[in-house]
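Student: Quick one: this structure, given as structure tokens, is what I'll be asking you about.
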Amino acid sequence: MKILIAEDDFFIRDIYSKVFSQGGYEVVVAADGEEAILRIKEKQFDLILLDIMMPKLSGLDVLRQLRAMTAPVKDTPVFILSNLGQQNIIQEAFKIGMDGYMIKSQMTPQQIVDEINSYFQGKKPAPAKPQ
Amino acid sequence: MKLTVQEKILISFVFLLSLLLLAVAFGYSVFSASIFLKSLIVAFVVIILLAVILSIKITKPLSKLRESAESLENGQLSTKFNIESDDEIETISGSFTNIVKQLLREEKTLTHNKIETEALLKSLTDGVITLDEKGNIIAFNKAAEETSGFAASAVIGKNIDEVLHFYDALALVPFFVYNQQKEEVVKKFREKGLNLNRADGTKVRLALTTSPVVFEDKKTGFIVAFHDISKEEELEEMKLDFVSIAAHELRTPLTAIRGYTSILEMQNSKELNQSGKELLKRLVISSENLGNLVENLLSVSRIEKSIFSINMKPSDLVPAIKTAVDNVRPQATVKQQTITVMVPDQLPVVLGDVFRLGQVILNFIANAVNYTQKGGVITVKAERKDSTLQVSVIDNGQGIPKASQEKLFTKFFRASGALESGAKGTGLGLYISKSIIESHKGKIWVESEEGKGSTFAFSLPIASASDIETYEKTHNQTVAQMLTNQPVSKT
């Protein structure tokens, strides 16, 4: 399984790429929104983990651009992994089209990997946790 | 010589009578019978004339007094009472003069007070409006004019509700409705303020107070005072925004810390020696505490901004209670404490956010574990009480002094003497718990005695059949189905 992790914080990017690699995933990282778009155009991913607060292009803008591309790329599953919990942001992400929203600081890396595993095994996608 | 009126009348009477007798005696002894009779008639007429003249002379001062009194009655405070009759009428007239002097003095004092009051009202920065008992505007000070944008001349005489429109969010609050509200509601209006539509259409936020004017047990009017709190509100908003931004920012390094400690725990702990493992364990606890604090900060700022989300659904609290207890068991075991759970397998369904309620329960239980000594006993009870569901956590810890009990549920209050630091899963503060329970229309309270232990409890209204029906209809799902799919709170 190929996943793209778009996250601007160095340490968080490091942690997630380690944990997902150990979880058996092929991991590609992007440090900002523009880089994420570049990676998306190069390769088809099975899942994208998207942070929202990123320089150059925000996660929501990346999502918008993704959903405006052609199939099959535009239908890539996306999980928002953010520390922002405001209702209006979550609603907006739902509107654009996402498959899950998780608050990073409330979950251990392993819990996030478990959620993604569950998703691929066909269970319910992670619901947006309370702020 | 001073003679009373009575003496004057008597003397005149005696004088005239004597005159008459004298005339009779004189005529009788001097004149012949026929002339005597004629002269008697003449004497009689003269005496009557004299009587009239004398009576007028005596009573003239009295009518003068009456005239002056009437003039005074009609409001002519400058009426003079100068009667010189050398009797009680003159005395009365003197009293009237003094009374008039006093009246003039008091009128002067009143006018002076009125001017002082007007100057005071003019100088106030708060708007002050005086109303009569019907709510019509009698006075409207300068600050009121400036704040509302209405000129005093334009509003005086009109009813307050006709001219000034106050809103609580979108609801119009007419004056007499405001006046009849309970103390708590009025307090809320005073603190949070009401919006006023200014003359130019813009809105200004005001803190309002009204007081009735009571005179001789009757309400003769009202004083309405208001204070512009727009600036204060802006400041409050900025503070809350700051807290919110800071808390969100804090989540980032927190994510990294918890992420790395989690990896260390899982994957590298084999490489650590015993002391290293212990250090790691403490690091994990501390970082979880930090995480809880940041989440609490964020929750508090959301509560204050009224954007704290609560998702009401028919819920069963039994799983939430069990999860909370499981969460603190490791800690309680370390402290050799006993946790007894007295919860039936089935509890009545309540309308609520099971995640948030779970946080409240965790808060209670974690506090009990933290503030109770080694070997202590903690009981978690859930039972039906009339039409409510009551959840209580009872401990035999140090108890809480009465003075602290009122402040327990306020922001930033911390009872002294938490035994042993490194408390895991402190859940949410009592302030947040209170907000949660109150937004569920429930009650939250504490019973405690120093040295004897504490009971923290909350009660929620049990979902009525119609509540459940409404929910089922709008969600296309029966409550029974919903409860089996119910997510369990994660910490």
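Chains as they are written, first to last, in this note's numbering: chain A, 16 to 146; chain B, 1268 to 1758.
Glycine is no exception: its CB is placed at the ideal position from the N, C-alpha and C atoms.
1. Under three-state DSSP, which class holds Gln1657/B?
2. Pairing CB atoms from the segment 1462-1471 of chain B with CB atoms from the segment 1514-1533 of chain B, are three or more of them under 8 Å?
3. Restricting to runs no shorter than 3 residues, where is the beta strand (DSSP E) found entirely within the segment 43-128 of chain A?
4. With 16 other CB atoms within 10 Å as the buried threshold, where does Phe1433/B fall?
5. Within 10 angstroms of the Cβ of Ile1530/B, are there 16 or more other Cβ atoms? Answer buried if so, exposed if not.
6. CA-CA distance, Ile131/A and Lys1669/B?
7. If I measure Cβ to Cβ from Leu1539/B and keep anything under 7 Å in the same chain, skipping five residues before and after, which residues do I get?
8. Using 8 Å as the limit for Cβ to Cβ distance, is Gly1488/B near chain A?
9. Between the beta-carbon of Leu1624/B and the beta-carbon of Met1579/B, is there less than 8 Å?
10. Taking the alpha-carbon of Lys56/A as reference, which of Asp23/A, Lys71/A, Tyr40/A, Leu19/A has the nearest alpha-carbon?
11. Compare the beta carbon distance of Ile1667/B and Leu1675/B with 8 Å and say whether it is the shorter of the two.
12. Give the straight-line distance between the Cα atoms of Arg1457/B and Thr1522/B, rounded to the nearest whole angstrom.
13. Span of the alpha helix (DSSP H) holding Arg1569/B?
14. By the 10 Å Cβ neighbour count, where 16 or more other Cβ atoms means buried, how is Phe135/A classified, buried or exposed?
15. Which word fits Arg1333/B, buried or exposed, when buried means at least 16 other C-beta atoms lie within 10 angstroms of its C-beta?
16. Between Asn98/A and chain B, is there a C-beta pair that is closer than 8 Å?
17. Where Glu1351/B and Leu1307/B are concerned, what is the direct C-alpha to C-alpha distance, given to the nearest angstrom?
18. Which residues in chain B have a C-beta closer than 8 Å to the C-beta of Gln106/A? List them in chain order.
19. Alpha carbon to alpha carbon, what distance is there between Gln121/A and Thr1758/B?
20. Find the residues of chain B that neighbour Thr91/A, judging by a C-beta separation of less than 8 Å, and give them in chain order.
21. Nearest chain B C-beta to Ile18/A closer than 8 Å, yes or no?
22. Give a yes or no on whether the minimum CB-CB distance between Thr1639/B and chain C is below 8 Å.
23. Can you pull out the residues from the segment 1504-1532 of chain B whose beta carbon lies closer than 7 Å to at least one beta carbon of chain A?
24. In its own chain, which residues sit with a C-beta less than 7 Å from the C-beta of Glu1650/B, not counting the 5 before and 5 after it?
25. Taking Val34/A as the query, report the chain B residues whose CB atoms sit under 7 Å from its CB, ordered along the chain.
26. Going by the beta-carbon positions, is the gap between Gln1603/B and Lys1641/B smaller than 8 Å?
27. For Ile1703/B, which of helix, strand or coil comes out of DSSP?
28. Helix, strand or coil: which one does DSSP assign to Ala1690/B?
29. Check the Cβ-Cβ distances between Ser1700/B and every residue of chain A, and say whether any is below 8 Å.
30. Please list, in chain order, the residues of the segment 111-130 of chain A that have any C-beta partner in chain B closer than 9 Å.
31. Who are the near neighbours of Glu1400/B in its chain, counting only those whose CB is closer than 7 Å to its CB and skipping five residues on each side?
32. Please state if the CB of Val1395/B and the CB of Ile1524/B are separated by a distance shorter than 8 Å.
33. Could you say which of Thr1646/B, Ser1338/B, Leu1727/B lies nearest to Ile1661/B if we only look at CA atoms?
34. Would you say Asp76/A faces chain B, with C-beta separation under 8 Å as the test?
35. Let me confirm a value: Ile1496/B is counted as buried when at least 16 other C-beta atoms fall within 10 Å, else exposed. Which label applies?
36. Going along the segment 1619-1645 of chain B in order, which residues come within less than 7 Å of chain A, judged by CB to CB distance?
Tutor: This is what the structure holds:
1. For the purposes of this step, residue 1657/B is identified with residue 390 of the second sequence, where counting begins at 1. Residue state, collapsed to three classes: strand.
2. Because the criterion of three Cβ pairs below 8 Å is not met, the segment 1462-1471 of chain B and the segment 1514-1533 of chain B do not touch.
3. 62-65, 93-97, 115-118
4. As a first step, residue 1433/B must be located in the second sequence, where it is residue number 166. Its Cβ being crowded by 16 or more others within 10 Å, Phe1433/B is buried.
5. For the purposes of this step, residue 1530/B is taken as the residue at position 263 of the second sequence. Classification for Ile1530/B: buried.
6. As a position in the first sequence, residue 131/A is number 116, starting the count at 1. As a position in the second sequence, residue 1669/B is number 402, starting the count at 1. Approximately 51 Å, taken between the alpha carbons.
7. Here the question's residue 1539/B lines up with position 272 in the second sequence. Taken in chain order, the residues that qualify are Leu1547.
8. Here residue 1488/B corresponds to residue number 221 of the second sequence, with the count starting at 1. Not one chain A Cβ lies under 8 Å of Gly1488/B.
9. Within the second sequence, the letter at position 357 stands for residue 1624/B. Within the second sequence, the letter at position 312 stands for residue 1579/B. No, these two residues do not count as a Cβ contact at 8 Å.
10. Start at 1 with the first residue of the first sequence, and residue 56/A comes out as number 41. When only C-alpha atoms are compared, the closest one is Leu19/A.
11. The count along the second sequence starts at 1 and reaches residue 1667/B at position 400. The count along the second sequence starts at 1 and reaches residue 1675/B at position 408. Against a cut-off of 8 Å, the Cβ pair of Leu1675/B and Ile1667/B comes out as a contact.
12. Within the second sequence, residue 1457/B is the residue found at index 190, counting from 1. Within the second sequence, residue 1522/B is the residue found at index 255, counting from 1. Between Arg1457/B and Thr1522/B, the C-alpha separation is close to 42 Å.
13. As a working note, residue 1569/B is residue 302 in the second sequence. It spans 1541-1571 - the alpha helix (DSSP H) in which Arg1569/B sits, taken as one unbroken run.
14. Against the first sequence, residue 135/A aligns to sequence position 120. So Phe135/A ends up on the exposed side.
15. Stepping through the second sequence from its first residue, residue 1333/B is reached at position 66. When all chains shown are included, Arg1333/B counts as exposed.
16. As a position in the first sequence, residue 98/A is number 83, starting the count at 1. In terms of beta-carbon proximity, Asn98/A lines the interface with chain B, with at least one pair separated by less than 8 Å.
17. Locating residue 1351/B in the second sequence gives position 84, where the first residue counts as 1. Locating residue 1307/B in the second sequence gives position 40, where the first residue counts as 1. Cα-Cα distance, rounded: 37 Å.
18. As a first step, residue 106/A is located in the first sequence; it is residue number 91 there, counting from the start. Simply none; closest approach about 12 Å.
19. For the purposes of this step, residue 1758/B is taken as residue 491 along the second sequence, with counting starting at 1. For the purposes of this step, residue 121/A is taken as residue 106 along the first sequence, with counting starting at 1. Because Thr1758/B sits at a pLDDT of 22, beneath the cut-off of 50, its placement in the model cannot be relied upon, and the point is left open.
20. Stepping through the first sequence from its first residue, residue 91/A is reached at position 76. The premise fails here: Thr91/A is roughly 24 Å from chain B at the closest Cβ pair, so nothing lies under 8 Å.
21. For this step, residue 18/A is matched to residue 3 along the first sequence. It does not; no Cβ of chain B falls within 8 Å.
22. Going by chain labels, chain C is absent from the structure shown, which instead holds the protein chains A and B.
23. Along the segment 1504-1532 of chain B, the positions whose C-beta sits under 7 Å from a C-beta of chain A are His1515, Arg1518, Thr1519, Leu1521, Thr1522, Ala1523, Arg1525, Gly1526, Tyr1527, Ser1529, Ile1530, read in chain order.
24. The residue you call residue 1650/B lines up with position 383 of the second sequence. If we look at Glu1650/B and ignore the five residues flanking it on each side, its Cβ neighbours are Gln1657.
25. Counting from one through the first sequence, the residue named residue 34/A turns up at place 19. Residues of chain B passing the Cβ test: Ile1530.
26. One-based indexing of the second sequence puts residue 1603/B at position 336. One-based indexing of the second sequence puts residue 1641/B at position 374. Result yes, Cβ atoms of Gln1603/B and Lys1641/B sit closer than 8 Å.
27. Sequence index remark: in the second sequence, residue 1703/B carries index 436 (1-based). Helix at Ile1703/B.
28. As a position in the second sequence, residue 1690/B is number 423, starting the count at 1. Because Ala1690/B carries a pLDDT of 45, less than 50, the predicted location of this residue cannot be relied on, and no value is offered for it.
29. If you number the second sequence from 1, residue 1700/B lands on position 433. False, the Cβ-Cβ gap to chain A never drops below 8 Å.
30. Ile118, Lys119, Ser120, Gln121, Met122, Thr123, Pro124, Gln125, Gln126
31. Position 133 of the second sequence, counted from the start, is the residue given in the question as residue 1400/B. Result list for Glu1400/B: Lys1486, Thr1487, Gly1488, in chain order.
32. For the purposes of this step, residue 1524/B is taken as the residue at position 257 of the second sequence. For the purposes of this step, residue 1395/B is taken as the residue at position 128 of the second sequence. No.
33. Position 394 of the second sequence, counting from 1, holds the residue named residue 1661/B. The option with the nearest alpha carbon to Ile1661/B is Thr1646/B.
34. Taking the first residue of the first sequence as position 1, residue 76/A is located at position 61. Chain B contact via Cβ: absent.
35. Translated into positions along the second sequence, residue 1496/B becomes position 229. Buried, by the Cβ-count rule.
36. Here the close residues are Phe1622.
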